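What follows is a set of notes on a single structure, which appears directly below.
Protein chains: 2
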Amino acid sequence: MNRKMLDSRTKQILFAVVQSYIGNPEPVGSRFVSKKYALGCSPATIRNVMADLEEMGLLAQPHTSAGRIPTDIGYRMYVDMLLSSEPQQSGLDIEKDFFTEYADKLEAMKNDLSGMFSEVTNTLSSISNYIGLALPPKPDCTTFNRIDLLKYRGDQIVAILVTDEGVIKNRIIGSGSNLDQKELNRIADYLNTEYGGYTIDEIRDILIYRIGKEKVLWDNLISRAIKICEQALSFSDEDIFVSGFYDVVNLPDFSDISRIKDIARAIKEKHLILKLLNELSNTEGVQVMIGSENPIEELRKLSVVTSTYKEGDRKIGVVALIGPTRMNYPGAIYMVENIARCISRTFER
Amino acid sequence: MNRKMLDSRTKQILFAVVQSYIGNPEPVGSRFVSKKYALGCSPATIRNVMADLEEMGLLAQPHTSAGRIPTDIGYRMYVDMLLSSEPQQSGLDIEKDFFTEYADKLEAMKNDLSGMFSEVTNTLSSISNYIGLALPPKPDCTTFNRIDLLKYRGDQIVAILVTDEGVIKNRIIGSGSNLDQKELNRIADYLNTEYGGYTIDEIRDILIYRIGKEKVLWDNLISRAIKICEQALSFSDEDIFVSGFYDVVNLPDFSDISRIKDIARAIKEKHLILKLLNELSNTEGVQVMIGSENPIEELRKLSVVTSTYKEGDRKIGVVALIGPTRMNYPGAIYMVENIARCISRTFER
DNA sequence: ATTAGCACTCGGGGTGCGAGAGTGCTAATA
DNA sequence: TATTAGCACTCTCGCACCCCGAGTGCTAAT
Chain E
87 MNRKMLDSRT KQILFAVVQS YIGNPEPVGS RFVSKKYALG CSPATIRNVM ADLEEMGLLA
147 QPHTSAGRIP TDIGYRMYVD MLLSSEPQQS GLDIEKDFFT EYADKLEAMK NDLSGMFSEV
207 TNTLSSISNY IGLALPPKPD CTTFNRIDLL KYRGDQIVAI LVTDEGVIKN RIIGSGSNLD
267 QKELNRIADY LNTEYGGYTI DEIRDILIYR IGKEKVLWDN LISRAIKICE QALSFSDEDI
327 FVSGFYDVVN LPDFSDISRI KDIARAIKEK HLILKLLNEL SNTEGVQVMI GSENPIEELR
387 KLSVVTSTYK EGDRKIGVVA LIGPTRMNYP GAIYMVENIA RCISRTFER
Chain P
87 MNRKMLDSRT KQILFAVVQS YIGNPEPVGS RFVSKKYALG CSPATIRNVM ADLEEMGLLA
147 QPHTSAGRIP TDIGYRMYVD MLLSSEPQQS GLDIEKDFFT EYADKLEAMK NDLSGMFSEV
207 TNTLSSISNY IGLALPPKPD CTTFNRIDLL KYRGDQIVAI LVTDEGVIKN RIIGSGSNLD
267 QKELNRIADY LNTEYGGYTI DEIRDILIYR IGKEKVLWDN LISRAIKICE QALSFSDEDI
327 FVSGFYDVVN LPDFSDISRI KDIARAIKEK HLILKLLNEL SNTEGVQVMI GSENPIEELR
387 KLSVVTSTYK EGDRKIGVVA LIGPTRMNYP GAIYMVENIA RCISRTFER
């Protein structure tokens, strides 16, 4: 099953079948391969090889006397070959220096992260015609820059958190305690001087630890402050950016309505996808999950191409494309890789 | 064409056809109406009436010798009758006091408006199985409460705006001017004392006016301050909440793939829907637009049910449902109406 | 004004057939 | 021994056909 077992011609034929099928979704026959891809052998020979490939589980026929289509394993072999060889043609119509310009565009948007990630998923999906996903920087990767606490309406407090990555978040806290603005300022100052440079999660852990420790002092200022901060920092930020559902329904792969329902269900279950991407957020380079390889039931008939983006050396988030298993893998890989690179660039100093 | 022209029995038959067709999407025949709805007359009579209704353009047959289905005009008449009569059965499975509890739930979420509106659209769509929409409070309706300006990284400024409605927005301004925190505080104080109670749009207008007037003084503090504020207040807030696309594909009305593409395109064109809802944001009570009545090309095969919500007497936003023309109108109206009421309640003091 | 009766129409589903595409196998070839 | 040509076979797809049933419109009777 190792691809080393395939001689060069067999590989070429597998390639031919996969690429042809990706190009248009019809089973590809021996005559066609022999004609279109000049491999210097006759349909009959190709038939023999195809029969072998089918035996190995890389190809399948929808029914006797139809051409072959790739199986998930066939795609896998194809993608492995792609990834281990030189970059291919992406098959997308992209200007030569699209991504250098695009990096500048993102750079200009870095002040509005959620806008930026919307832009990213839109671009991902509109160029590739697949579903674009992006996971913004993880909370355990965002670094505390400063916090401000404002008194607001009665005893409520508005907490505004700014991170080094430029993310700004706000939250209203209904603290039972009636602090005045001066006290709030003192608390904020304390946090700002004490915790600059830590990640949000680290600070949270420290604070929670302190709460436990200082229970006794429950009513003094510091412990109330800690309680406020703990609330302020618990931004349950389960957000994920998705776009391109509307392009994807036009793909021939989704001409069957049940397929559309599948993909709709998959997207509806955002938390599952979130979990998947989170798990992938420590991987290096481009990852491809093909059909049945997919850990999530809902995605078993789809493929996912992901890449992480970084701030310096730290991987802080993920972008991805979801499409049919019959996917333009070179193109998707190319897109995801370069978009991730663009994002990384906006995060470097 | 006026419904006064229809005698009681004719109305009843129209009602029967519409309701039956809404209940299950098959052309309804004379025999069926006569049996299921005890109108005390034979199929033949009903056939005659149906022929009349068809002549009037309220019913249509998909083909000769099929039953009748309602036309858009037929639905319109039905809905008009609904709206002018007592509230009907919603046809939804909702607890008696669902909405009183739901209002409490929203009340508890009012600190996080975007979370609240996500919740609203989710509820709208999951109960109705149509597409839920919500337009958050319009900027010309949100009242300035306070603003804070924080120095951030180099000469950038973080502006944080709190409105009376509890909306908090932030924005990074790349002001070329190098003000220190003290000066920023002074600017913020100035705004806070001067403009409390005005709406954002009003303040913007005033500021823009001043910019024009004080062009001469371009480089003094005040004019720079004004410029900053102008930027700070220009929250291009084109957000609209949508959900339920994933439920809607399961409706039999969208068993045809082209219909799904239609609806996907309609939603993709968010700005059009935004415009539509904005135009409706001054209407009173529940509005229904049926199929071809719709001003937006993309929605011509769908129906939209909307209602505004208020803060006191001011209408400040819109909620809506989009579904097939073959829609459970009583249910949709009931939902939209009550959800709007719930939202309004969270905005009253 | 309503109704029973009846002829008529049309869509959907089942069947049968022919064309075309592509295979697998066998025997011939280099 | 590897490749190829030839050929019979298989299966899908599209088309034509037909029949059944549902539902109508019309007419004549009540």
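Protein chains in written order, with this note's numbering: chain E, 87 to 435; chain P, 87 to 435.
Even glycine gets a Cβ: it sits at the ideal position worked out from N, Cα and C.
Remember, it's a predicted structure, so these values are computed and weren't measured experimentally.
Over what stretch of residues does the beta strand (DSSP E) that includes residue i continue unbroken?
| i | result |
| --- | --- |
| Phe44 of chain P | No information on residue 44 of chain P is available, as it lies outside the stretch 87 to 435 that chain P covers here. |
| Leu219 of chain E | Ile217 to Leu221 |
| Ile408 of chain P | Arg400 to Pro410 |
Starting from residue i, trace the alpha helix (DSSP H) both ways and give me its first and last residue.
| i | result |
| --- | --- |
| Glu379 of chain E | First-last for Glu379 of chain E: undefined, no H or E at that position. |
| Ser393 of chain E | Note, Ser393 of chain E: premise wrong, no alpha helix (DSSP H); beta strand (DSSP E) at Leu388 to Glu397. |
| Ile349 of chain E | Ile343 to Lys354 |
| Thr249 of chain P | Per DSSP, Thr249 of chain P belongs to no alpha helix (DSSP H); it is in the beta strand (DSSP E), Gln242 to Thr249. |
| Phe340 of chain E | Per DSSP, Phe340 of chain E belongs to no alpha helix (DSSP H) and is neither H nor E. |
| Val114 of chain P | From DSSP, Val114 of chain P is part of no alpha helix (DSSP H); its letter is neither H nor E. |
| Gly417 of chain P | Tyr415 to Phe433 |
| Asp190 of chain P | Phe184 to Met195 |
What separation, rounded to the nearest whole angstrom, lies between the Cα atoms of residue i and residue j?
| i | j | result |
| --- | --- | --- |
| Asp287 of chain P | Leu277 of chain P | 14 Å |
| Leu385 of chain P | Glu365 of chain P | 15 Å |
| Ala426 of chain E | Pro223 of chain E | 12 Å |
| Gly153 of chain P | Asn414 of chain P | 20 Å |
| Leu192 of chain P | Ser204 of chain P | 11 Å |
| Ile429 of chain P | Asn215 of chain P | 20 Å |
| Arg431 of chain P | Ile346 of chain P | 36 Å |
| Leu293 of chain E | Lys268 of chain E | 22 Å |
| Met202 of chain P | Ala189 of chain P | 11 Å |
| Arg290 of chain P | Leu265 of chain P | 22 Å |
| Ile353 of chain E | Arg296 of chain E | 40 Å |
| Gln147 of chain P | Thr96 of chain P | 17 Å |
| Ile217 of chain E | Phe331 of chain E | 6 Å |
| Cys127 of chain E | Val103 of chain E | 15 Å |
| Ile343 of chain E | Asp250 of chain P | 47 Å |
| Asn197 of chain P | Lys255 of chain P | 12 Å |
| Met163 of chain E | Tyr420 of chain E | 18 Å |
| Gly282 of chain P | Asp399 of chain P | 20 Å |
| Ala418 of chain E | Ser378 of chain P | 40 Å |
| Phe433 of chain E | Ile349 of chain P | 37 Å |
| Thr411 of chain P | Ser212 of chain E | 30 Å |
| Leu407 of chain E | Gln175 of chain P | 45 Å |
| Ser367 of chain P | Asp226 of chain P | 12 Å |
| Thr157 of chain E | Tyr107 of chain E | 11 Å |
| Lys401 of chain E | Phe185 of chain E | 20 Å |
| Phe230 of chain E | Ala245 of chain P | 18 Å |
| Pro338 of chain P | Ile155 of chain P | 15 Å |
| Trp304 of chain E | Leu247 of chain E | Confidence at Trp304 of chain E is low in this model, with a pLDDT of 49, below 50, so the placement of that residue is unreliable and no value is reported for it. |
| Gln105 of chain P | Val206 of chain P | 27 Å |
| Ser389 of chain P | Pro416 of chain E | 42 Å |
| Thr228 of chain P | Gly160 of chain E | 57 Å |
Kindly identify the DSSP beta-bridge partner or partners of residue i.
| i | result |
| --- | --- |
| Asp93 of chain P | Note: Asp93 of chain P sits in no beta bridge, so no partner. |
| Lys255 of chain P | P:Leu247 |
| Pro156 of chain P | P:Leu145 |
| Gln175 of chain E | Answer is none; Gln175 of chain E lacks a bridge partner. |
| Leu236 of chain P | P:Val244 |
| Gln105 of chain E | Gln105 of chain E pairs with nothing; no bridge assigned. |
| Thr285 of chain E | E:Thr229 |
| Val372 of chain P | P:Ser393 |
* Using a beta-carbon distance cut-off of less than 9 Å, what residues from the segment 222-252 of chain P approach chain E? -> Asn231, Arg232, Asp234, Leu236, Tyr238, Arg239, Gln242, Val244, Ile246, Val248, Asp250 and Gly252
* Near-chain E residues of the segment 140-155 of chain P (beta-carbon distance less than 7 Å), N- to C-terminal order -> none
* What residues in the segment 332-356 of chain E bring their beta carbon closer than 7 Å to a beta carbon of chain P? -> Tyr332, Val335, Asn336, Ser341, Ile343, Ile346, Lys347, Ala350, Arg351, Ile353 and Lys354
* Asked: Does the count of Cβ pairs from the segment 390-402 of chain P and the segment 366-380 of chain P closer than 8 Å reach three?
  -> yes
* Asked: Is the number of C-beta pairs between the segment 129-146 of chain E and the segment 349-365 of chain E that are closer than 8 Å three or more?
  -> no
* Asked: If you pair each beta-carbon of the segment 114-126 of chain P with each one of the segment 172-180 of chain P, do three or more pairs fall below 8 Å?
  -> no
* **Contact residues within the segment 400-413 of chain E, judged by C-beta distance below 7 Å to chain P** => none
* To do: Using a Cβ-Cβ cut-off of less than 9 Å, give me the residues of the segment 267-300 of chain E that come near chain P, in sequence order.
  => none
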